[in-house]
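Only one structure is covered here, and it is reproduced in the block below.
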Amino acid sequence: MIVVKVGGRTLKNIEAIARDLIDHQPFVLIHGGRDFVTEYSKKMGVEPKIVTSPSGVRSRYTDEDELEVFVMVMAGKVNKEIVSKLLDLGIKAVGIS
Numbered sequence: 017m018i019v020v021k022v023g024g025r026t027l028k029n030i031e032a033i034a035r036d037l038i039d040h041q042p043f044v045l046i047h048g049g050r051d052f053v054t055e056y057s058k059k060m061g062v063e064p065k066i067v068t069s070p071s072g073v074r075s076r077y078t079d080e081d082e083l084e085v086f087v088m089v090m091a092g093k094v095n096k097e098i099v100s101k102l103l104d105l106g107i108k109a110v111g112i113s
């Protein structure tokens, strides 16, 4: 079994990635989706917060409102779209959040 991590920006090419994985089943697909979360946060009026550590590392700060959007987008929209595309290609898939 292989584990594949797909960044959020790469998800726009999920069909091509899935086709590459067809011959490597079973596999585990782990996905990102920060850009989708940011997009929907702004649509819902929840402005993303960025913090910078003393050493200069920038990170997203997730408060309760942002966490609610994150779960809706990642466990709902993104996860379901990925599973749907995999199933369309004949790949047995289930989404776990």
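Per my numbering: the sequence shown = residues 17 to 113. Beta carbons: idealized from backbone N, C-alpha and C, even for Gly. Nothing here was measured: the structure is a model prediction, and the numbers come from that model.
Query                                                                                                                 : Result
Bridge partner(s) assigned by DSSP for T68                                                                            : R74
Nearest to F43 (by Cα), restricted to the options E97, D51, I33, E55                                                  : I33
Sequence ranges, beta strand (DSSP E) only - wholly within the region 25-51, length at least 3                        : 43-47
Burial state of V82, where buried means 16 or more other Cβ atoms lie within 10 Å                                     : The displayed chain sequence assigns Glu, not Val, to residue 82. Counting Cβ neighbours within 10 Å, E82 comes out buried, since at least 16 surround it.
Residues of its chain near L105, where Cβ-Cβ distance is below 8 Å and the 5 sequence neighbours each way are ignored : E31, A34, R35, I38
Option in T54, K96, V94 with minimal Cα separation from T78                                                           : T54
For I107, the three-state DSSP class (helix, strand or coil)                                                          : coil
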